[in-house]
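Chains as they are written, first to last, in my numbering: chain A, 1 to 648; chain B, 1 to 648.
For each residue, glycine too, the CB sits at the ideal point set by N, CA and C.
Report on one structure; see the data block that follows.
Right under this line is the structure:
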């Protein structure tokens, strides 16, 4: 299709720095700076993902390499010390052997090893570097696209706002009988407050509802204790959640639409984006947060489980630990949702709509449609295309992905790789879509990517603390360290698994909760993953000292990690100047040059003016000096004539 | 002195917004924008201190009001349960009654109550607000002083730098026989590395040495266990420290001077400032950090104390707890160092020097000196004055004070008040000094306060985490909460003191460490402030579960506090726009206006040009059209003449 020929995007987007390339081959002129910036940003982001994914792969490989030296998983796997674990649900579930969790234990080592700690630090710094790099790139583009001087002019108040203001002022007029200018009138926080309240409440409500939904456990109902089932379940749940959430999403978007009355279109858009992002964020991450920080945390202990509605027992993590589930979820999202779903929809839906329109058109005039099409103008054909819906969904998708790459990178080092693969496709699909599937968007100038930058920063900051928590609470990194330096006699990890498991006397089960099949004879003890006093201690099943020690260590790690990483990324932020040196010098030089040129020209003008003036004066003079002489001579001649007359 | 009459600073500095006032009454013209900004900043800071100090007073009063409801201190005070405490040092010290620490306990409640937690949150937000407020003020001043367009022109490389570069390039030339431009030559990180290394090492060294000095304990040597002595001691120590440090300070400043070769004067100054600040910071805060976080933390336990050099026992806090000592130190610094010392020196030293110079002068010409002085010029008299040393010391003092106000405000709510009092004097003294005691400084233009702003930000950020630690580790806030919600049967604080004290059996003292006077008969148990197992438990004197629980709670509090406060201050940072709306609008309007005016003028010029041109053309025309007619008439006249001749 000759659009593509006119704007060869597809080979353009392969290379980096779309922005400038677009500008080179006219695409920028066609799409405007705003879209140019989007592609430039996408390019920078994709570039930056390359090193991240390389390091990620290395970390993953390190995990693969060291999986056989990993003593805890080895201990879990060997059949000799086959530990009987307490059932994972009431009655229906049965006692199970720890060695049956061998596979997951080995797998979870791939993601739960010291290297991931390093990697999450690396990614935090990566994020900081990325932001800085983009700032610089932006400056470069601003300079190249001649936006340095450009600033958004006052955009006009939105119609809705003016209406509101007018109405308010009228009300006031009505109240106190004096007439006042609507121009003077402004919406104060009093007018806005209810809107803010709605937002706040709705967001709170949303978040809470989901914490809640996700805490309910269906294990007791339709779960027979196979691990495979677990995954399906958790995924089901996340999908259910997403579904429900997209639903809420709509509702609240509408609420947000009507609730607030920002002054200008720009601020309106920004607020909308911000809120939409909040919703999408909660939508996208709730299942993951749940698995990472809540699932299996508040289950109570055997014989005294925590119940919701007195019937649903809190869900426990698979024997491999919550980290494994987190990885599975993330990989499903990154692969399934990101790679397939998004891109499929992105390219598929417009194509479909187009087809529908096309068919409609065809039905309307079935006769010699082709000929008609032939002699049609470009814009007539383009009219069939989908109208341009704005960049928000594009950015949104990318930033949610950025979140996946940064927020939970501690538990899934391959995220950057998947993101990279996704973007390599994404960037082409977007370009193709923009060129061939959508009507030409109105070209808009823009200096920067607006609020998205702030959102990126916020995500980057959030990533630090979340990674800290993932490492210290979701993974077994800290307990291992604590065991190694506080409890281990041999100074090795041997006996770690045994140390993390508490003892439970089967006779202490509440009636009705014990599994149907009894244990093998002679054994009254089953184990469960917690730090509690054994049944034979005086205060049995109480939280043990070890628990508090480990907890303290975990929290200490969070503090150290967070502050260290924050300091480092602030440092990165500080040492990399926002404006590239060459650009700033260039700008300065040009400024000086311009002033010079201007001055010269001014002087030129003045000079010209003077020359004209005095030239003119001179002309004037010899013009005046001319005419009197002539008249003189005239008189002279006359006199001579007279004289001659006289002579005669 | 008529300087003052010419620049009535003294009544000027009373009012806020020095900057603009200076500009109004010509002071700005006299001192330049840089100093103007300093006074403006000082003004804003002092203003902002007013609310802070008010809230601080309220918090303090709250402490005073609730001192009698405070159960822990009451328990400590009442004689009925007089607990025998273990001696605070080996042999020389004796057992002592807890009730003897009643006074300090009551006093420490003044600073260690729930209100201080609120206050430290408040102060963190206050700091954020202050930064924002200053940014806006700065913009305002930039606008009012017409600096909006102004940017520092490239300042020239320093002579030292050029020398270095030249030398390097020569070396290169020498190596490979080709000649190269010294302009092209630049100092790479390789050239700078040694310098950086020196700095790094020296700083590390400094910090370490002081951690070290402060850990030594003189208790065993010349301390008889009076509380009064303690204070003197700690103060002595801090003074000793300060002394030693100022000494180091000099050395390292010199090292810094020679070590690095920054390119421009500006960057040179900035680096110097930064390093000087680091030193001053360490210098000023080490004793306080020591008292807040290290003193009495690593003392070991009775019968197994920690010793340095096998002879010095680690110092313990006074019975009132470390917080009280921290308060005393802070108040001494704020009152003594800040209020008296600084201001005294600041005004005193220049006066003294001036006097000396004056006397010198007088000695040189004793005869009719007065008459001589009288007929002297202003500048001649001013020559006696002290030369202007730059603003660095002024800023430094203020920012160290800012540190005291923000960093440890959790332990000393009156700090802002003292700071306010200090500044009210400071601001006058500075003004007076600048006007009357110093030679006129070279007026320098400046857009902002430069690196000081970054330092302020850094201090503000640091304050959050430090306050978190002070609240959770130095004060008893968290242990109290833990006791209240985990251990207390009655749900009140009764029994808290007893809960925080562990038991020690006197018979377990190492030989030679037990106090000379034995205990009263029948009592074999003394208590010490720690969470350890009692002598009668199977693993006696081991760290108890409670310790870990409290530690976990403390760390959890730090995380929550830090992240909450950081989020809030980021939010404050975000909602307050950096540029005041009116100013930005004004600037925009003026820009538009200027463009218009310029265009008009240009048009005017063009118009003028055209008018001149065609006027001139017209003139030219009717000049040319004139002469032919005249000549014609001439000829005509001649012909007529001829004709008349012919006629004849």
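Item: Supposed contact pair residue 107 of chain A and residue 324 of chain A - C-beta distance, whole angstroms, cut 8 angstroms; Value: 6 angstroms
Item: Touching by the beta-carbon criterion (3+ pairs, under 8 angstroms), the segment 119-129 of chain A and the segment 565-580 of chain A; Value: yes
Item: Cutoff 8 angstroms: residue 410 of chain B Cβ touching any chain A Cβ; Value: no
Item: Test item: CB-CB of residue 572 of chain B and residue 125 of chain B under 8 angstroms; Value: yes
Item: Beta-carbon contacts of residue 51 of chain A that lie in its chain and below 8 angstroms, excluding the five residues immediately before and after; Value: 126
Item: 7 angstroms Cβ cut-off: residues of chain B touching residue 563 of chain A; Value: 465
Item: In DSSP terms, what residue 502 of chain A is bridged to; Value: A:528
Item: Helix, strand or coil at residue 604 of chain B according to DSSP, with G and I counted as helix; Value: helix
Item: Local conformation of residue 599 of chain B per DSSP, three classes; Value: helix
Item: Cβ contact check for the segment 455-467 of chain A and the segment 52-69 of chain A: 3 or more pairs under 8 angstroms; Value: no
Item: Under 7 angstroms (Cβ pairs) to chain A, residues found in the segment 523-548 of chain B; Value: 545 and 548
Item: Integer Cβ distance of residue 64 of chain A from residue 110 of chain A, believed to fall under 8 angstroms; Value: 6 angstroms
Item: Bridge partners - residue 84 of chain B, DSSP secondary structure assignment; Value: B:97
Item: Where residue 612 of chain B meets chain A, residues with beta-carbon distance less than 8 angstroms; Value: 609, 612, 613 and 616
Item: Between the CA atoms of residue 303 of chain B and residue 490 of chain A - distance to the nearest angstrom; Value: 29 angstroms
Item: Own chain residues within Cβ distance below 7 angstroms of residue 479 of chain A, not counting five before or after; Value: 500 and 550
Item: Cross-chain neighbours of residue 555 of chain A in chain B, by beta carbon under 7 angstroms; Value: 552, 555, 556 and 559
Item: 8 angstroms Cβ cutoff, residue 34 of chain B in contact with chain A; Value: no
Item: Residue 290 of chain B (DSSP reduced to helix, strand or coil); Value: helix
Item: One or two residues paired with residue 304 of chain B in a DSSP bridge; Value: B:301
Item: Short Cβ contact (8 angstroms threshold) for residue 322 of chain B with residue 295 of chain B; Value: yes
Item: Three-state secondary structure assigned by DSSP to residue 391 of chain A; Value: coil
Item: For residue 473 of chain A and residue 97 of chain A, the rounded distance between their alpha carbons; Value: 25 angstroms
Item: Distance cut-off 7 angstroms: residue 501 of chain B Cβ against heavy atoms of the ligand MN; Value: Inclusion of the ligand MN in the displayed structure is not the case, the ligand content being empty and no account of it being possible.
Item: Where the alpha helix (DSSP H) containing residue 134 of chain B begins and where it ends; Value: 114-144
Item: Beta-carbon contacts of residue 605 of chain B that lie in its chain and below 7 angstroms, excluding the five residues immediately before and after; Value: none
Item: Under 7 angstroms (Cβ pairs) to chain B, residues found in the segment 584-608 of chain A; Value: 605 and 608
Item: Simplified DSSP state of residue 517 of chain B, which is helix, strand or coil; Value: coil
Item: Strand pairing of residue 554 of chain A, partner residues [DSSP]; Value: The partner list for residue 554 of chain A (beta bridge, DSSP) is empty, contrary to what the question assumes.
Item: Three-state secondary structure (DSSP) of residue 445 of chain B; Value: coil
Item: Residue-level contact to chain A via CB, residue 222 of chain B, 8 angstroms cutoff; Value: Bear in mind that a pLDDT of 37 at residue 222 of chain B, under 50, signals an unreliable position, so the number given afterwards is only what the model happens to contain. Taking Cβ atoms only, chain A never reaches closer than 8 angstroms to residue 222 of chain B, which makes this a no.
Item: C-alpha distance - residue 275 of chain B paired with residue 40 of chain B, whole-angstrom precision; Value: 25 angstroms
Item: Distance, residue 503 of chain B Cα to residue 533 of chain B Cα; Value: 8 angstroms
Item: Backbone secondary structure at residue 110 of chain A - three-state DSSP; Value: helix
Item: Status (buried if at least 16 other CB within 10 Å, exposed otherwise) for residue 437 of chain A; Value: buried
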